[in-house]
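Below is one structure, written out as structure tokens, with a few remarks after it.
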Amino acid sequence: MLVNNNHKNNKVLLIEHDAIISFSIKENLNKMGYEVIAFNSIKKAISYLIENSNKINVIIVNIDSCEECKLIFSAIWQINENIPIINMNSTINACENLNCFPNHLIGYLKKPFIENELAEIIEKLVTLNS
983 MLVNNNHKNN KVLLIEHDAI ISFSIKENLN KMGYEVIAFN SIKKAISYLI ENSNKINVII
1043 VNIDSCEECK LIFSAIWQIN ENIPIINMNS TINACENLNC FPNHLIGYLK KPFIENELAE
1103 IIEKLVTLNS
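Heads up: take any position in the sequence shown, counting from 1, add 982, and you land on the numbering used here.
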């Protein structure tokens, strides 16, 4: 994967409790030219987002339930309703049946992720948000 300097100013907020997965995603996105700010807790990430919402281009978050999805997405979109969010988990897309959110802002990435899928979804959402 080549570094794309066009993404040098694009920032991804990553919320993932698993340190190995977090490291892997961060490494892959850095290779693509993205700056990654990673947190292992939603609470810390939301606190960061409150102060820096205009600096974040995409959020990747590990969400396992529909209820959790609604709460997290609502909290994020109260801060900035235009931030694209990628839901990432190992089972199903917990948010796929939610009709209350703009579909173009939600992406899904299954764990373990494949580099090409990560690249494709992040490029799509950053482009939509530009």
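For every residue, glycine included, the Cβ atom is placed at its ideal position computed from N, Cα and C. All figures in this text were calculated on a predicted structure; none of them were measured in a lab.
Cα-Cα separation, residue i to residue j
{"i": "Lys1106", "j": "Lys993", "result": "14 Å"}
{"i": "Asp1000", "j": "Asn1022", "result": "7 Å"}
{"i": "Ala1027", "j": "Ile1007", "result": "16 Å"}
{"i": "Phe1005", "j": "Glu1063", "result": "27 Å"}
{"i": "Ile1002", "j": "Asn1071", "result": "14 Å"}
{"i": "Leu1091", "j": "Glu1099", "result": "7 Å"}
{"i": "Asn991", "j": "Leu1110", "result": "16 Å"}
{"i": "Ala1020", "j": "Lys1052", "result": "21 Å"}
{"i": "Val1043", "j": "Glu1050", "result": "11 Å"}
{"i": "Ser1029", "j": "Ile1045", "result": "18 Å"}
{"i": "Ala1101", "j": "Ile1067", "result": "14 Å"}
Assigned secondary structure, residue i (DSSP; H/G/I helix, E/B strand, else coil)
{"i": "Lys1093", "result": "coil"}
{"i": "Ile1003", "result": "helix"}
{"i": "Glu1063", "result": "coil"}
{"i": "Glu1017", "result": "strand"}
{"i": "His1086", "result": "Annotation note: pLDDT 48 at His1086 (below 50); position unreliable, coordinate value reported separately. In this structure, His1086 counts as helix in the three-state DSSP scheme."}
{"i": "Ile950", "result": "Outside the modelled stretch of the chain, which goes from 983 to 1112, sits residue 950, for which no answer is possible."}
{"i": "Asn1098", "result": "helix"}
{"i": "Asn1069", "result": "strand"}
Whole-angstrom C-beta distance between residue j and residue i, which should lie under 8 Å
{"i": "Ile1054", "j": "Ile1024", "result": "6 Å"}
{"i": "Ile1038", "j": "Leu995", "result": "5 Å"}
{"i": "Val1040", "j": "Ile1104", "result": "6 Å"}
Neighbour-count burial assignment, residue i, 16 or more Cβ in a 10 Å radius
{"i": "Glu998", "result": "buried"}
{"i": "Asn1069", "result": "buried"}
{"i": "Val985", "result": "Any answer about Val985 is weak, because its pLDDT of 43 lies below 50 and its placement is not dependable; what the coordinates show is given next. Exposed, by the Cβ-count rule."}
{"i": "Asn1036", "result": "exposed"}
{"i": "Pro1094", "result": "exposed"}
{"i": "Ile1032", "result": "exposed"}
{"i": "Ile1065", "result": "buried"}
{"i": "Ile1096", "result": "exposed"}
*Specify whether the segment 1059-1067 and the segment 1012-1027 touch according to this definition: at least 3 beta carbon pairs, one from each stretch, less than 8 Å apart.*
no
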